[in-house]
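Enquirer: For the sequence shown, the residue numbers in this note's numbering are 151 to 591.
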Amino acid sequence: MPDTSSQTPLRVAIAGLGTVGSGVIRLLDTNRDLIAARAGRAIEVSAVSARDRSKDRGVNHQRFHWEDDMAALAAREDVDVVLELVGGSDGPALALSRATLAAGKGLVTANKAMIAHHGLALAEAAEARETPLKFEAAVAGGIPVVKGLREGTSANALTKVYGILNGTCNYILSEMEATGADFAETLGEAQRLGYAEADPTFDIEGIDAAHKLAILAAIGFGARVDFANVRTTGIVAVRAADIAQADALGFVIRLIAEADAQDGRLLQRVRPCLVAKDHPLSGVDGPTNAVVAEGNFSGRLLFQGAGAGDGPTASAVVADLIDIARVFENGGEVGAPFSMPVAQLAPLGPADSADRLERTYLRFTVNDRPGVLAEITAAMRDADVSIESLIQQGRGSADGEVLVAMVTHEGPERSVAKALELLEGSESLTAAPLVLPILPA
Ligand code: NAP
Ligand code: HSE
151 MPDTSSQTPL RVAIAGLGTV GSGVIRLLDT NRDLIAARAG RAIEVSAVSA
201 RDRSKDRGVN HQRFHWEDDM AALAAREDVD VVLELVGGSD GPALALSRAT
251 LAAGKGLVTA NKAMIAHHGL ALAEAAEARE TPLKFEAAVA GGIPVVKGLR
301 EGTSANALTK VYGILNGTCN YILSEMEATG ADFAETLGEA QRLGYAEADP
351 TFDIEGIDAA HKLAILAAIG FGARVDFANV RTTGIVAVRA ADIAQADALG
401 FVIRLIAEAD AQDGRLLQRV RPCLVAKDHP LSGVDGPTNA VVAEGNFSGR
451 LLFQGAGAGD GPTASAVVAD LIDIARVFEN GGEVGAPFSM PVAQLAPLGP
501 ADSADRLERT YLRFTVNDRP GVLAEITAAM RDADVSIESL IQQGRGSADG
551 EVLVAMVTHE GPERSVAKAL ELLEGSESLT AAPLVLPILP A
């Protein structure tokens, strides 16, 4: 290891000592010498802040200065970079981030909600002060996908970015698949393991994946972040019966986030999809994330790894710190947070997908009585939807409710929407149909 003891250390403050903040302290302690060698100097924690000073966090944080008010971290003279590891799109996390950049200090955050909502304004503030704003940990935990798209694919025009961006949903779906356990049971375990957001509805309703997708789309397509136009469906309507049905048809169910840019329009969607068992994303289990980026010269690239949890997320946070240590040390270029200056990001409007072609899985919950199947298939015929396969499950409940599941041939999205419109209000249906697209190969 090179001797870096004569170099000035990079001094860091940590706001938030939960799963990620404690993980960062553990990582900085464990890999201290290696990090100093790679950064060209030591990285030292000066001060920390959280809500409860006396809480046992499994790491010794009592050796650092404590600030009750985390906003004070940004003003400390012994701090070069602030780590915002608190969470929440607004409130104290945003106030601290703004104050940090305004003070000309570097900011590292794992907060995808804040970057999805306020990333452009924060990036403008960072650019104005020529200070670093980095958020590798905000997308896909330990996978260096922000760096991968900002730097690794920067020579390409990307055609598509898609993947599995929420560890909690992926853990829940793959646990339901492997054990037949119910939704609530597996969500509780994901929370216990530290994967879920403080408010887990952000995970299961797809909002967390939408935050991450909006960030990746901005970097990948050189577009302004547009979280408001991510069309988002979560996994709460997926039943164990759908997972079994998908399995019988040769698929698994995964929450897929996808974005593409065509003709100056950006399509961003998060939705549970059927993924064929021979597709590379079908084997992505547990809290693992995976991102596929398709470049016009690189071809298809797959980034895969742990998407949540203390160790992987801390790994991404500290990698950002090492980058900053090198830049500050060498007086180098900080680089635009979204790969190009905010003023150059394109304001792409939202794309209409009604004419896009896809195969679809449809599940109807129906009263088991004569004519029901005919009514559903007539709606398909009238909307010009061609059925590839159809399964009706035997009577499973005392009240005569059965499931009818089908897979359509490839056709425009508008046709399936039309069929569902024709069935709206039908007394044969006992619940809203579930519509899951089939991810193309
Ligand atoms: P967490 O375990 O809930 O920790 C949050 C920390 O922030 C706690 O230490 C808490 O203090 C502190 N805090 C909350 N509100 C505060 C306030 N008003 N003032 C001062 N301190 C406050 O959360 P986390 O899982 O570490 O997540 C932190 C950030 O990383 C979030 O933006 C999250 O989305 C992101 N992230 C998490 C993961 C993951 O796997 N967990 C992965 C990627 C990104 P107390 O401990 O005293 O209550
Ligand atoms: N709640 C998030 C997830 C944490 O489950 O993916 C990682 O960003």
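Heads up, the beta-carbon is just placed ideally off N, CA and C, and yes, glycines get one too. None of the values given here were measured: they were computed from a predicted structure.
#1: In the structure shown, what three-state DSSP assignment does G455 receive?
#2: Looking at the unbroken alpha helix (DSSP H) that takes in E339, where does it start and where does it end?
#3: If we require 4 or more residues per run, which alpha helix (DSSP H) segments fall completely within the segment 203 to 256?
#4: Can you grab the Cα-Cα spacing for the pair D435 / E339, in whole Å?
#5: Would you say the segment 511 to 522 touches the segment 578 to 585, given that touching needs at least three Cβ pairs under 8 Å?
#6: What are the boundary residues of the beta strand (DSSP E) that M490 is part of?
#7: With hydrogens ignored, establish whether the beta-carbon of D206 is closer than 6 Å to any heavy atom of ligand 1.
#8: Using a threshold of 6 Å, is the CB atom of G269 nearer than that to any non-hydrogen atom of ligand 1?
#9: Report the residue from D410, L343, F401, H215 whose alpha carbon sits nearest the alpha carbon of L498.
#10: Quick check: what's the CA-CA separation for L523 versus L405?
#11: Going along the chain, which residues of its own chain have a beta-carbon closer than 8 Å to the beta-carbon of A426, five neighbours each way excluded?
#12: Is the beta carbon of P159 closer than 7 Å to that of A132?
#13: Quick check on H211: buried or exposed, where buried means 16 or more other Cβ atoms within 10 Å of its Cβ?
#14: With DSSP run on the structure shown, which of helix, strand or coil describes E574?
#15: Which of the three DSSP states is assigned to T383 in this structure?
#16: Taking the beta strand (DSSP E) that K310 belongs to, which residues open and close that run?
#17: Can you determine whether any heavy atom of ligand 1 sits closer than 6 Å to the C-beta of L235, and answer yes or no?
#18: Where does the unbroken beta strand (DSSP E) through S199 begin, and where does it stop?
#19: Please return the same chain residues whose Cβ sits closer than 8 Å to the Cβ of A469, not counting the five positions on each side in sequence.
#20: Hey, R509 and E563: beta-carbon distance below 7 Å or not?
#21: Pick helix, strand or coil for G485, following the three-state DSSP scheme.
#22: How is M416 classed by DSSP in three states: helix, strand or coil?
#23: Compute the Euclidean distance between the alpha carbons of T459 and D376, then round it to the nearest angstrom.
#24: Restricting to runs no shorter than 4 residues, where is the alpha helix (DSSP H) found entirely within the segment 508 to 541?
#25: Distance, Cα to Cα, V477 vs R176?
#26: Given this structure, state the Cα-to-Cα distance separating G344 from S465, to the nearest angstrom.
#27: Curious, which full-length beta strand (DSSP E) runs of at least 3 residues does the segment 258 to 323 contain?
#28: Assuming G313 contacts V170 (C-beta within less than 8 Å), just tell me the rounded distance between them.
#29: Ligand 2 and N316: does the residue's C-beta get closer than 6 Å to at least one heavy atom of that ligand?
#30: Measure how close the beta-carbons of A276 and S239 come, nearest whole angstrom, since I'm counting them as under 8 Å.
#31: When you compare the segment 344 to 355 with the segment 304 to 323, are there three or more beta-carbon pairs, one atom per stretch, that lie closer than 8 Å?
#32: Give a single yes or no on whether G338 has its beta carbon closer than 6 Å to a heavy atom of ligand 1.
#33: Using only CA atoms, which one of A165, A493, A373 lies nearest to A307?
#34: Which residues does DSSP list as the beta-bridge partners of A409?
#35: Can you check which of these residues, L315, A390, A501, is closest to Q454 by C-alpha distance?
#36: What does DSSP give as the partner residues of V557 in its beta bridges?
Expert: Reading off the structure:
#1: strand
#2: 333 to 342
#3: 241 to 252
#4: 15 Å
#5: yes
#6: No beta strand (DSSP E) contains M490, which DSSP labels as neither H nor E.
#7: no
#8: no
#9: D410
#10: 29 Å
#11: G400, F401, S432, I588, L589, A591
#12: Because the chain here runs from 151 to 591, residue 132 falls outside it and cannot be looked at.
#13: buried
#14: coil
#15: coil
#16: 308 to 314
#17: yes
#18: 193 to 199
#19: E286, P294, K297
#20: no
#21: coil
#22: One detail in the question is off: residue 416 reads as Leu in this sequence, not Met. Here L416 sits in strand by DSSP.
#23: This sequence places Gly at residue 459; Thr is not what is there. Taking the straight line from one Cα to the other gives about 27 Å.
#24: 522 to 532
#25: 24 Å
#26: 15 Å
#27: 308 to 314
#28: Actually they are not in contact, since the Cβ atoms of G313 and V170 sit about 21 Å apart, beyond 8 Å.
#29: yes
#30: The pair is not a contact, with the Cβ atoms about 18 Å apart (cut-off 8 Å).
#31: yes
#32: no
#33: A373
#34: V311, Q418
#35: L315
#36: Y511, S539
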